[in-house]
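Engineer: Residue numbers (our numbering): 619 to 838. Every residue, glycine too, gets a C-beta built ideally from N, C-alpha and C.
1) Reducing DSSP to helix, strand and coil, say where residue 800 ends up.
2) Should residue 787 go down as buried or exposed, given a rule of 16 or more other Cβ atoms within 10 Å for buried?
3) Would you grab the beta carbon distance between residue 640 and residue 675 for me? Rounded to a whole angstrom, and I think it's under 8 Å.
4) Once DSSP output is grouped into helix, strand and coil, what is the label at residue 858?
5) Please identify the residue among 796, 635, 646 and 753 whose C-alpha is closest to the C-alpha of residue 713.
6) Comparing alpha-carbon positions, which option in 708, 731, 727 and 653 lies nearest residue 757?
7) Which value, in whole angstroms, describes the spacing of the CA atoms of residue 672 and residue 791?
8) Cβ of residue 721 within 8 Å of Cβ of residue 760?
9) For residue 704, I'd like the list of residues in its chain whose CB is within less than 7 Å of its CB, leaving aside the five on either flank, ordered along the chain.
10) Go to residue 775, then tell me how far its alpha helix (DSSP H) extends in each direction, as first and last residue.
11) Determine the extent of the beta strand (DSSP E) in which residue 732 is found, giving its start and end residues.
12) Quick check on the DSSP output: the alpha helix (DSSP H) that includes residue 706 runs from which residue to which?
13) Could you give the DSSP three-state label for residue 620: helix, strand or coil?
14) Under 8 Å Cβ to Cβ from residue 657, same chain only, skipping five residues before and after it: list those, please.
15) Quick check: the Cα distance between residue 755 and residue 683, rounded to an integer number of angstroms?
16) Could you give the DSSP three-state label for residue 813: helix, strand or coil?
17) Should residue 797 go down as buried or exposed, given a rule of 16 or more other Cβ atoms within 10 Å for buried?
18) Over the uninterrupted beta strand (DSSP E) stretch that includes residue 666, give me the two end residues.
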């Protein structure tokens, strides 16, 4: 797919950023592959991530980060730039602010194409994925207290369902938990980040197995 065709598809299939609502219901969640696990009754905390799609000379890539080893939670995990919304912020404003704070990504270089499906995490966040387009590879500087590494993954790799696998986590005394994973070389993309990528793939291209059927097949 050419860069121009990809950009046009993103604009066509994504929700316009102007239509974003802070109290929109989650369309996807950490519970999708675990249909036997009930979602707790709770008030979700709004958050946003930026999915920076870079129009590179050899095709589109997606910017990702590896979280710092010094963080109290999700240490070393692969993530998109992002975080909680400040009072009065929109998802777009929060995603661009967090990207600036975490990796010094200049908001002026990002063309926001739209937002993806709201995603509920097991830890109680309601994440809005904001998809941004960059015409040139950006200059980035990771904030050492938050980000250990900034890197890019080819768009075609992330959107190829052959690279989407269902992995499981077994915890003593608790049911097996299934989650999406997309290993890329030595980097293990999984959990919420992989779930958001899978959700974006479904919105753009469709053709997804029912989560319940897929989980049951893997558990057999």
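Structural biologist: The short version:
1) strand
2) Taking every protein chain shown into account, the CB of residue 787 has fewer than 16 other CB atoms within 10 angstroms, so this residue is exposed.
3) Rounded, the Cβ-Cβ distance is 38 Å, inconsistent with contact.
4) The chain is shown from 619 up to 838; residue 858 falls before or after that span and cannot be answered.
5) For residue 713, the closest of 796, 635, 646 and 753 by C-alpha to C-alpha distance is 635.
6) 727
7) Straight-line Cα distance between these residues: approximately 44 Å.
8) yes
9) 712
10) Where residue 775 is concerned, the enclosing alpha helix (DSSP H) starts and stops at 773-776.
11) 729-733
12) Taken as a continuous stretch (DSSP letters only), residue 706 belongs to no alpha helix (DSSP H), as it is neither H nor E.
13) coil
14) 647, 649 and 738, listed in sequence order.
15) 15 Å
16) helix
17) Classification of residue 797: buried, given that the 10 Å Cβ count is 16 or more.
18) 663-674
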